[in-house]
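Residue numbers (the working numbering), protein chains in the order written: chain Y, 1136 to 1250; chain B, 2 to 115. All residues carry an ideal CB built from backbone N, CA and C; glycine is no exception.
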């Protein structure tokens, strides 16, 4: 069975400090993993993806995520938060191509950035 | 590419009326998804299509909801009759190949049923 758990529903950081949004997954296969961001009243936008290449993945807007198979984690980080990073972030797991396809979204983490 | 296009952006209707939401996926994408987002339930997958064929509709709430994809460039989600609890933001997304390819989302349709 495939599942994804975002460990924090809300995270609050001060502008200029590091961001850590946690995600754990389970999958019977070697999955693809994604992070999406949703700003208010907008659709979801892809931040970055992992598809079994380098374990450290760099995305847009200075975000990156590290795939750790031993910990089944795919945490999202950014060295320094900006006010424009305030949004909701979704971790997503997807089974590899072939056979029945399944995409599972986490419940989301709302990031608040304090000036 | 213009991305995934949804219409209308906002829809306000009275209980009992029929509502039709529309989606144009990105050209060449083989998969199309309909999601619903609410504060209470978060993001829910309603149905998805592969090459215009419905693959999984287990998320469709009840018989009042129906979705069609008559061709590769158009899909509709219909609610008949609508109820206040259907109020939500409905997103359409498309993807080239599941697994490696990300989903590309439209900006959503905000539905309010009074």
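Exercise. Quick one: give me the first and last residue of the beta strand (DSSP E) that residue 23 of chain B is part of.
Key: 20 to 25
Self-check item: Contacting residues, own chain, Cβ-Cβ under 8 angstroms from residue 1199 of chain Y (five flanking each side not counted)
Solution: 1183, 1191, 1192, 1193, 1211, 1212, 1213
Quiz item: Can you tell me whether DSSP reads residue 1130 of chain Y as helix, strand or coil?
Solution: Given a span of 1136 to 1250 for chain Y in the structure shown, any question on residue 1130 of chain Y remains unanswerable.
Quiz prompt | Proximal chain B residues relative to residue 1240 of chain Y, where beta-carbon distance stays under 7 angstroms | solution = 44
Quiz item: Can you tell me the Cα-Cα spacing of residue 59 of chain B and residue 1147 of chain Y, whole angstroms?
Solution: 36 angstroms
Quiz item: By Cβ distance below 7 angstroms, which residues in the same chain neighbour residue 44 of chain B in space, the five residues on each side in sequence not counted?
Solution: 36, 38
Quiz item: Just checking, does the region 2 to 18 of chain B make contact with the region 46 to 65 of chain B on the three C-beta pairs under 8 angstroms criterion?
Solution: Flag = no, the region 2 to 18 of chain B and the region 46 to 65 of chain B do not touch.
Exercise. State the Cα-Cα distance for the pair residue 1278 of chain Y and residue 1171 of chain Y, rounded to the nearest angstrom.
Key: Within the shown structure, residues of chain Y are numbered from 1136 to 1250, placing residue 1278 of chain Y beyond reach of any answer.
Practice problem: Run down chain B in chain order and give the residues with a C-beta less than 7 angstroms from the C-beta of residue 1169 of chain Y. | Solution: 103
Quiz item: Cβ atoms of residue 1239 of chain Y and residue 1139 of chain Y: under 9 angstroms apart, would you say?
Solution: yes
Self-check item: Backbone CA spacing between residue 1230 of chain Y and residue 1162 of chain Y [nearest angstrom]
Solution: 8 angstroms
Self-check item: Closer than 9 angstroms at the beta carbon, the chain Y residues around residue 92 of chain B
Solution: For residue 92 of chain B, the chain Y residues whose Cβ falls inside 9 angstroms of its Cβ are 1178, 1179, in order along the chain.
Practice problem: Taking the CB atoms as reference points, tell me whether residue 1244 of chain Y and residue 1144 of chain Y lie closer together than 9 angstroms. | Solution: yes
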